[in-house]
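Asker: Take the sequence shown: its letters are residues 916 to 1266, numbered as in the working numbering. I have a structure here, written as structure tokens, and I will follow up with some questions on it.
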Amino acid sequence: MTFNNNHIFKGRIREFENELVSISLEIGKRRGQTPIITKILLYLYIHNRLTQKQLKELTGYSIGTISTHLNAMLSMNFIDKKLIPGTHKYTYSLKIDIGYDRPSLVEMSLDYINQAKKFLKKKRIELNEIPQLKADKFRPILKRFDELEQVIEIYVELFRVLSNPNEKINIKITPSESESLGFISDLDPNMKLIENDIIEFFTHTPMFFGKQEIFSSIFVYFITRKTLTQKKIRKLTGLSAGKVSQEINKFLELGVIEIMDKAESGQLTYQMSSIASSFMEISHNVLSEYIKWKKKVEEIHEEMLEKKEDLINQNGFDEILKLVNLFLNIMPIYEKIYEKVKQIRKSIQNE
């Protein structure tokens, strides 16, 4: 690879690239994913290997911001880092080819899920060792653990389908019966420490990788507490009223929480009734957003083939065609999983 301006495409190829970046950002938004992560992943896929300076030129973000996110991706083993001989500069590349190494992608995803399973098992043991947990008012947290573990099993099944699209989903959904922990003011210190560990794990686990930290932390508090007010969220997270309000509106739009009550003062209480339902709503939103762009990507593909004689010698033609083919090759699998997610959502709603 030569380190010049070959990473900056021009003309119609550049327009195709920008369109695909915009599509990816819309899909990422549905995941609660940060735009910088979306762009870094996409540009590394397109260009195979890039320096921080090149990523800065492509994304528009500062070197400091790019460096921070690259280090996070390195710590999670998502990317490789190699020194350019004779320099102090590094290039970065994706660890696997997400388009053509599906078994490795499934294996990696299942590994992250197994990490979560082991973590939850460890925390359940710690919870059971807290004497105060025997009190009725603290029992609901164990039921929330049951729900969270059920979600993990749902994703194991979904990734099994990714590995073998003809497989049938075999999941029994247990109705959510847990009560709220949201207004327990005397939460046992040991239990609070466990809750903090859960927040830390799911905020930084690869399962939630790329999601905005604010999104992840509030989401996980709803997992552990079930019902919350904006005031309570501000107290738990230290976030400003404006930030909390903004995130709550996103959650309502995504359908992962609902308004449970409105006090005479006007204060709203929000609830994540079912953890499984909330996760399935996010998955449904992401997949439906992806599928929504199928026609547009097909149009780009068609134009590239029709004008191949004029475009093939332009810088970036092969790279952009590779990305377009990735979108289209993954589409049937996502459509299959989307149908499975719809089945699970319906099953949850009928409980």
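Even glycine gets a Cβ: it sits at the ideal position worked out from N, Cα and C.
For a quick check, are the C-beta atoms of M1246 and K1209 less than 8 Å apart?
Answerer: Going by C-beta atoms, M1246 is nearer than 8 Å to K1209.
Asker: Which of helix, strand or coil does DSSP assign to G1170?
Answerer: In the structure shown, G1170 sits in coil (DSSP, three-state: anything other than H, G, I, E or B).
Asker: Return the chain-ordered list of same chain residues with a C-beta closer than 6 Å to the C-beta of F1116, the five sequence neighbours on each side being excluded.
Answerer: These residues qualify, in order along the chain: F1034.
Asker: With a CB to CB cut of under 7 Å and the five nearest residues on each side skipped, what residues in its chain are close to E1064?
Answerer: Contacts found: L1035.
Asker: Taking 8 Å as the threshold (C-beta atoms), are I1148 and V1135 in contact?
Answerer: Against a cut-off of 8 Å, the Cβ pair of I1148 and V1135 comes out as no contact.
Asker: Helix, strand or coil for I994? Go by DSSP, reduced to three states.
Answerer: It is a strand residue.
Asker: Where V1256 and P1104 are concerned, what is the direct C-alpha to C-alpha distance, given to the nearest angstrom?
Answerer: Each residue's Cα considered, the two are about 38 Å apart.
Asker: For a quick check, are the C-beta atoms of V1066 and I1190 less than 8 Å apart?
Answerer: The answer is yes: Cβ separation under 8 Å.
Asker: Provide the residue span of the beta strand (DSSP E) that contains Q1186, from first to last.
Answerer: Start and end: 1183-1186.
Asker: So, for K1261: in the same chain, excluding its five sequence neighbours on each side, which residues have a beta-carbon less than 7 Å away from its beta-carbon?
Answerer: Nothing listed; no residue qualifies.
Asker: With a cut-off of 8 Å on the beta carbons, I'd call K1150 and Q1186 a contact; round off their distance for me.
Answerer: Their Cβ separation, rounded to whole angstroms, is 18 Å, which puts K1150 and Q1186 out of contact at 8 Å.
Asker: Restricting to Cα atoms, I'd like to know which of E932, I942, N986, I923 is closest to V1201.
Answerer: Checked all of E932, I942, N986, I923; the closest Cα to V1201 is I942.
Asker: Could you work out which residue in S1155, I1133, L1025, R1054 is closest to L1167 when comparing CA atoms only?
Answerer: Among S1155, I1133, L1025, R1054, the Cα nearest to that of L1167 belongs to I1133.
Asker: Over what stretch of residues does the alpha helix (DSSP H) that includes L940 continue unbroken?
Answerer: Residues 926-946.
Asker: Hey, could you find the ends of the alpha helix (DSSP H) L1202 is sitting in?
Answerer: Taken as a continuous stretch (DSSP letters only), the alpha helix (DSSP H) holding L1202 covers 1190-1207.
Asker: Kindly confirm or deny that the region 1218-1229 and the region 1038-1046 touch, where touching means at least three C-beta pairs closer than 8 Å.
Answerer: With the cut-off at 8 Å, the region 1218-1229 and the region 1038-1046 do not touch.
Asker: Taking only the alpha-carbon atoms, compute the straight-line gap between S1100 and E1062 and give it to the nearest angstrom.
Answerer: Note that S1100 has pLDDT 48, beneath the 50 cutoff, so the model's placement of it is unreliable and no number is given.
Asker: Buried or exposed: which applies to E930, given that a residue is buried once 16 or more other Cβ atoms fall within 10 Å of its Cβ?
Answerer: When all chains shown are included, E930 counts as exposed.
Asker: Excluding the five sequence neighbours on either side, which residues of its own chain have a C-beta within less than 6 Å of the C-beta of F1194, listed in chain order?
Answerer: Closer than 6 Å at Cβ, skipping near neighbours: V1066.
Asker: Going by DSSP in three states, K1210 sits in which element: helix, strand or coil?
Answerer: In the structure shown, K1210 sits in a helix (DSSP, three-state: H, G or I).
Asker: Pairing CB atoms from the region 949-965 with CB atoms from the region 1000-1009, are three or more of them under 8 Å?
Answerer: Output reads yes: the region 1000-1009 touches the region 949-965.
Asker: By the three-class DSSP mapping on this structure, what secondary structure does S977 have?
Answerer: DSSP places S977 in coil when its eight states are reduced to three.
Asker: How many angstroms separate the CA atom of L1238 from the CA atom of E1068?
Answerer: One C-alpha to the other measures close to 31 Å.
Asker: Determine whether the beta carbon atoms of L1169 and E1196 lie at a separation below 8 Å.
Answerer: In contact: L1169 and E1196 (Cβ atoms closer than 8 Å).
Asker: Might you give, ordered along the chain, the residues of its own chain that have their beta carbon closer than 8 Å to the beta carbon of I978, omitting 5 neighbours on each side?
Answerer: So the list reads Q967, K968, K971, once near-sequence residues are dropped.
Asker: Between which two residues does the beta strand (DSSP E) carrying S1008 extend?
Answerer: Unbroken beta strand (DSSP E) run through S1008: 1005-1009.
Asker: How far does the alpha helix (DSSP H) with T953 in it reach, from first residue to last?
Answerer: Taken as a continuous stretch (DSSP letters only), the alpha helix (DSSP H) holding T953 covers 950-962.
Asker: Hey, out of N1111, L1183, K1165, whose CA is closest to Q1145's CA?
Answerer: Comparing Cα-Cα distances from Q1145 to each of N1111, L1183, K1165, the minimum goes to L1183.
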